[in-house]
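>
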Amino acid sequence: MVSKSIKRGIAYDLSTVNDLDAIADGISWYYNWGAAPNAGLPYSLSAGRGVDYIPMLWNENFHEASVLRFFKANPGIKYMLVLNEPTIGGQAYTEPERAAGLWPRFENIARQAGVSIVGPQLTWGTMPGYQAPADWMDAFIAAYAAANQGNAPQIDFLGFHWYDYGLAGQLDLLARFGKPFWVTEFANAHSQQDGAQIDSLEKQKTQMSEMVALCERREDVFRYAWFTGRVNPDPYFQRLFEGDGELSALGRHYISLPY
Numbered sequence: 001m002v003s004k005s006i007k008r009g010i011a012y013d014l015s016t017v018n019d020l021d022a023i024a025d026g027i028s029w030y031y032n033w034g035a036a037p038n039a040g041l042p043y044s045l046s047a048g049r050g051v052d053y054i055p056m057l058w059n060e061n062f063h064e065a066s067v068l069r070f071f072k073a074n075p076g077i078k079y080m081l082v083l084n085e086p087t088i089g090g091q092a093y094t095e096p097e098r099a100a101g102l103w104p105r106f107e108n109i110a111r112q113a114g115v116s117i118v119g120p121q122l123t124w125g126t127m128p129g130y131q132a133p134a135d136w137m138d139a140f141i142a143a144y145a146a147a148n149q150g151n152a153p154q155i156d157f158l159g160f161h162w163y164d165y166g167l168a169g170q171l172d173l174l175a176r177f178g179k180p181f182w183v184t185e186f187a188n189a190h191s192q193q194d195g196a197q198i199d200s201l202e203k204q205k206t207q208m209s210e211m212v213a214l215c216e217r218r219e220d221v222f223r224y225a226w227f228t229g230r231v232n233p234d235p236y237f238q239r240l241f242e243g244d245g246e247l248s249a250l251g252r253h254y255i256s257l258p259y
């Protein structure tokens, strides 16, 4: 019998066994935006508690041989997150044509390591002409096809980040790409003073409950990860941990939600 959601995870650099023990009964995976887990929490420790670490190649600056060595040393890892928020300055800002040139490097690693590609991690951005994630995707797919004999890029799952109301509608907008989703960052950080602002723990708990229920219900959502474990200041009441190995009220709520 499954004792926890296979979809549920966190976007946070888990670094201690105490934190792992506090949350392991309610999550099945996590990532830390890096290509390897924190030195304080080797992959074997988290995997032994039923929590998979998933590497991310955040942008184009990675060393293929090192990444392949990590995958071959940890054959239990079957997925690779790639390209974090390519439409946002300060993140992995990557024009569609540049991403098309980068993608064969991801595909080469995926082929050699036998892992699936999860990405890019889309969201609404700041790139002129490509603020909408679907517009960026259309241009990226076209640029890849033009450079690769009309072929489509390998995208096994599409990543998405969302920090407001309306997650269902956003996923519906991207459903035409025909890929299952990993919602690799989500919370509600609605700040507009319009009566719907998230300004209390109870409001965030309500939003978490609704979004988790949506992700659990939708067959096209394969994985999802709450952002984040700890943050200071925390104006939207998002943190899942307090002290080392101590879940916050929201953290206890997250791992208690039905699946």
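For what it's worth, full-length UniProt numbering labels the leading residue of the sequence shown as 1, then goes sequentially.
Using N, Cα and C, we set each Cβ at its ideal position, and we do this for glycine too.
How would you write the range of the alpha helix (DSSP H) that R8 sits in, first residue to last?
No alpha helix (DSSP H) holds R8; the beta strand (DSSP E) holding it covers 8-11.
> Cα-Cα, which of I27, D164, V118, G34 is closest to A187?
Ranking I27, D164, V118, G34 by Cα distance to A187 puts D164 first.
> Once the 5 residues before and after Q91 are set aside, which same chain residues still bring their CB inside 6 Å of it?
Cβ within range, chain order: N84, E85.
> Could you tell me the distance, in whole angstroms, from the CA atom of E242 to the CA atom of D19?
For E242 and D19, the distance between alpha carbons rounds to 10 Å.
> For residue 302, which of helix, strand or coil comes out of DSSP?
Residue 302 is absent from the structure shown; the chain starts at 1 and stops at 259.
> What is the DSSP secondary structure of E202, counted as helix, strand or coil?
Helix at E202.
> I'd like the list of long-range same chain contacts for S15, defined as Cβ closer than 7 Å, with 5 residues on each side in sequence excluded.
Closer than 7 Å at the Cβ level, and outside the excluded window around S15, lie N38, G40, L41.
> Mind reading off the beta-carbon distance from L214 to G229? Whole number of angstroms is fine, and I expect it under 8 Å.
Rounded, the Cβ-Cβ distance is 22 Å, inconsistent with contact.
> Who are the Cβ neighbours of A152 in its own chain at under 8 Å, not counting the five residues just before and after it?
Excluding residues within five positions, the ones whose Cβ falls inside 8 Å are I141, Y144, A145.
> Pick from G125, V82, L167: whose alpha carbon is nearest that of V115?
Of the candidates G125, V82, L167, the one whose C-alpha sits nearest the C-alpha of V115 is V82.
> Give me, in chain order, the residues of the same chain whose beta-carbon lies closer than 6 Å to that of V67; leave out the 5 immediate sequence neighbours on both sides.
Once the five neighbours on either side are set aside, the close Cβ partners of V67 are A35, I109.
> Given a cut-off of 9 Å on the beta-carbon distance, is the pair A113 and K72 in contact?
Contact: yes.
> Taking 9 Å as the threshold (C-beta atoms), are M127 and T184 in contact?
Their beta carbons are not under 9 Å apart, which means T184 does not touch M127 by this criterion.
> For the beta strand (DSSP E) holding L250, just list the boundary residues, first then last.
No beta strand (DSSP E) contains L250, which is instead part of the alpha helix (DSSP H) from 249-256.
> Among Q204, G195, E216, which has the Cα closest to the Cα of D234?
Among Q204, G195, E216, the Cα nearest to that of D234 is on Q204.
> Which residues in the same chain as M211 place their Cβ atom closer than 7 Å to its Cβ, once the five residues preceding and following it in sequence are excluded?
L167, F186.
> Leaving aside the five residues before and after L174 along the sequence, list all residues of the same chain whose C-beta is less than 8 Å from its C-beta, in chain order.
Excluding sequence neighbours, L174 sits near L122, P133, A134, M137, L158, F160, F181.
> Using a threshold of 9 Å, state whether the C-beta atoms of F237 and L257 are closer than that.
Not a contact, by the Cβ cut-off of 9 Å.
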